[in-house]
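One structure below.
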Amino acid sequence: MSSAAALPAPRARGAAAPVLSPWGLAAPLGLAYAAFFVAPLVMLIAVSFYADERMTRLGLDQWRRFLFDAFHWKVIADTLLLGLKAVIATVLLGFPLALVYRAASPAWQRVLLFVVVMPLLTSVVVRTFAWIVILGREGVVNQLVLGLGLAAEPLRLLQTELGLVISLTQIEMPLLLLPLLSVMSRIDPNLMDASASLGASPWRTLVRVILPLAAPGLAAGCLLVFASATTAFISQSVIGGGRLVYLPAMIWQQAMIAAHWPFAATIAIALLLSVSAVLAVIAMAGRVAAGRAGP
Numbered sequence: 001m002s003s004a005a006a007l008p009a010p011r012a013r014g015a016a017a018p019v020l021s022p023w024g025l026a027a028p029l030g031l032a033y034a035a036f037f038v039a040p041l042v043m044l045i046a047v048s049f050y051a052d053e054r055m056t057r058l059g060l061d062q063w064r065r066f067l068f069d070a071f072h073w074k075v076i077a078d079t080l081l082l083g084l085k086a087v088i089a090t091v092l093l094g095f096p097l098a099l100v101y102r103a104a105s106p107a108w109q110r111v112l113l114f115v116v117v118m119p120l121l122t123s124v125v126v127r128t129f130a131w132i133v134i135l136g137r138e139g140v141v142n143q144l145v146l147g148l149g150l151a152a153e154p155l156r157l158l159q160t161e162l163g164l165v166i167s168l169t170q171i172e173m174p175l176l177l178l179p180l181l182s183v184m185s186r187i188d189p190n191l192m193d194a195s196a197s198l199g200a201s202p203w204r205t206l207v208r209v210i211l212p213l214a215a216p217g218l219a220a221g222c223l224l225v226f227a228s229a230t231t232a233f234i235s236q237s238v239i240g241g242g243r244l245v246y247l248p249a250m251i252w253q254q255a256m257i258a259a260h261w262p263f264a265a266t267i268a269i270a271l272l273l274s275v276s277a278v279l280a281v282i283a284m285a286g287r288v289a290a291g292r293a294g295p
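With the first letter of the sequence shown counted as 1, position 232 gets the number 232 in UniProt numbering; the numbers rise by one all the way through.
Below, the structure written as structure tokens:
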């Protein structure tokens with residue numbers, strides 16, 4: 001056989017190039033996901049089943065130590081409650097702002113969007129330390145309270161859950177607003193006119209039409225805020241201080257100070273499972289709310 005016959009036939013002019021299958025296109029992302037998320041998670045689970053801190057023998061000692069201590073359950077509850085408080089605060093402040101954004105002109109919408117995105121351009125460490133200046137005994141808030149005569153002495157806001165929730169509300173606000181604004185900007189204004197023509201009041205239109213239609217974006221924002229607030233180690237440590245104990249701080253103490261990697265892995269898995277359970281509830285509530293649009 002000649003060498004010319006062994007060569008593949010040239011592709012006809014205008015013939016379509018071979019198309020990769022969906023699995024072939026998704027393979028690089030899937031491999032990266034498996035290497036940088038699934039594999040470390042499996043290793044974390046494996047480490048949690050070592051019975052001693054030197055990781056010489058297997059056992060359920062770390063899980064018994066964690067699950068049968070009431071203090072650890074209280075820390076889980078405090079961590080989840082902190083995330084829920086941050087979600088409620090951001091929704092109460094962010095949803096009215098989203099309504100203002102929807103009613104504003106395109107020029108003002110660009111201004112509001114820039115204001116929303118601007119905090120993301122600043123390091124979370126810088127924003128957290130800025131809140132120390134704002135919430136301190138001689139900070140802006142206390143100066144305003146004392147100047148208005150609302151208190152006889154400076155309020156204690158640092159190293160309190162109230163101060164931590166206030167700071168997290170500002171820090172996490174963009175995570176709520178970005179998906180919410182994206183959804184609300186696509187709501188057809190004719191739907192509100194139709195609701196009003198059917199006799200619905202503005203409040204009923206808000207509750208029965210706008211809110212259900214905005215539910216997917218609101219649920220997505222709540223998911224991001226809750227996941228970020230419950231794992232905000234820097235804010236919890238700097239604003240909350242040592243008086244408030246949450247799961248991220250316990251993980252850091254066990255891993256970096258006590259060097260007890262199996263117990264740190266156990267706490268990390270407990271944090272992952274508890275936060276994922278609440279996220280599933282929030283996502284389900286968003287789907288239920290999205291199916292109730294109507295005048």
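Just so you know, even glycine gets a beta-carbon here, dropped at the ideal spot from N, CA and C.
In the structure shown, the three-state DSSP call for LEU58 is strand. Around the beta carbon of GLY199, a 10 Å sphere encloses fewer than 16 other beta carbons of the protein chains shown; the residue is thus reported as exposed. DSSP places ILE282 inside the alpha helix (DSSP H), whose first and last residues are 261-290.
By a beta-carbon distance limit of 8 Å, ILE269 contacts ILE45. Their separation comes to about 6 Å. Judged by DSSP in its simplified three-state form, TYR50 adopts strand.
Put simply, the backbone Cα of PRO174 is about 15 Å away from that of ALA232.
In terms of CA proximity to LEU92, GLY221 leads the group TYR246, GLY221, GLN253 and ALA265. When secondary structure is reduced to three states using DSSP, GLU138 falls in the coil class, being assigned neither helix nor strand. For PRO28, the enclosing alpha helix (DSSP H) starts and ends at 22-33. By the neighbour-count definition (other C-beta atoms within 10 Å, threshold 16), GLU153 is an exposed residue. In the three-state scheme derived from DSSP, where H, G and I count as helix and E and B as strand, ILE45 is classed as helix. The alpha-carbon of ILE239 is positioned some 9 Å away from that of GLU161.
When DSSP states are grouped into helix, strand and coil, ARG208 belongs to the helix group.
GLY59 is classed as exposed because its beta carbon has fewer than 16 other beta carbons within 10 Å across all chains shown. For the pair THR79 and TYR246, the CB atoms are nearer than the 7 Å cut-off. When the beta-carbon positions are compared, LEU135 and LEU112 stay at least 7 Å from each other.
For PHE37, no alpha helix (DSSP H) segment is defined, and its DSSP state is neither H nor E.
CA-CA distance, GLU138 to GLY163, rounds to 14 Å. In the three-state scheme derived from DSSP, where H, G and I count as helix and E and B as strand, PRO248 is classed as helix. In this structure, ARG54 is the residue among MET43, GLN143 and ARG54 with its C-alpha nearest to the C-alpha of ALA259. The region 278-289 makes no contact with the region 246-257: fewer than 3 CB pairs, one atom from each, lie closer than 8 Å. For GLU161, the enclosing alpha helix (DSSP H) starts and ends at 161-184.
7 Å or more divides the Cβ of MET250 from the Cβ of ILE234. At least 7 Å separates the beta-carbon of THR230 from that of THR169. In this chain, the alpha helix (DSSP H) harbouring ILE234 covers 233-238. In the DSSP annotation of this structure, the continuous segment of the alpha helix (DSSP H) that includes ILE76 starts and ends at 70-103.
It is roughly 50 Å from the alpha-carbon of ILE132 to the alpha-carbon of PRO22. Excluding residues up to 5 positions away in sequence, MET55, TRP261, PRO262 and ALA265 lie with their Cβ nearer than 8 Å to the Cβ of VAL47 in the same chain.
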